[in-house]
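*Asks:*
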Amino acid sequence: MDTYAAQIFLLEAQNLVKEKSYCLIEMFNFEETNLCLRCMTKSSYISIDHRHATGICTAKECATAMLGVNASGDFKLKPLVLHRYAN
931 MDTYAAQIFL LEAQNLVKEK SYCLIEMFNF EETNLCLRCM TKSSYISIDH
981 RHATGICTAK ECATAMLGVN ASGDFKLKPL VLHRYAN
């Protein structure tokens, strides 16, 4: 972790807030994250050549979630969830 760069960024951000007279209520931070769920299937489909299936198949479902809060911490946005996406 680059602590020197983080300190410089913090000073620059504080100077920008003072110059533009921003309020902490007006500043928001958003974070995007992936949610991956595994669903267990009840049965497995196998080819004719195999007599039995080993293990249990899992179907993987992924969704994207976005979380947001203002800088003062008193206003949290409802999570926004985007379901499946194309790769």
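For what it's worth, the working numbering labels the leading residue of the sequence shown as 931, then goes sequentially.
Backbone N, C-alpha and C define an ideal beta-carbon position, used for all residues, glycine too.
Give the DSSP-derived three-state secondary structure of lysine 950 in the structure shown.
*Replies:* helix
*Asks:* From Thr994, Lys1006, Leu1012, Glu942, pick the residue whose C-alpha is nearest to that of threonine 1103; which is it?
*Replies:* Limits of the chain in this structure are 931 at one end and 1017 at the other, which puts residue 1103 out of reach.
*Asks:* Glutamate 961 and leucine 1012 look like a contact to me (Cβ under 8 angstroms); what is the Cβ gap, rounded to whole Å?
*Replies:* That belief does not hold up - the Cβ atoms of glutamate 961 and leucine 1012 are roughly 14 angstroms apart, past 8 angstroms.
*Asks:* According to DSSP, methionine 996 sits in a beta bridge with which residue or residues?
*Replies:* Glu962, Leu1010
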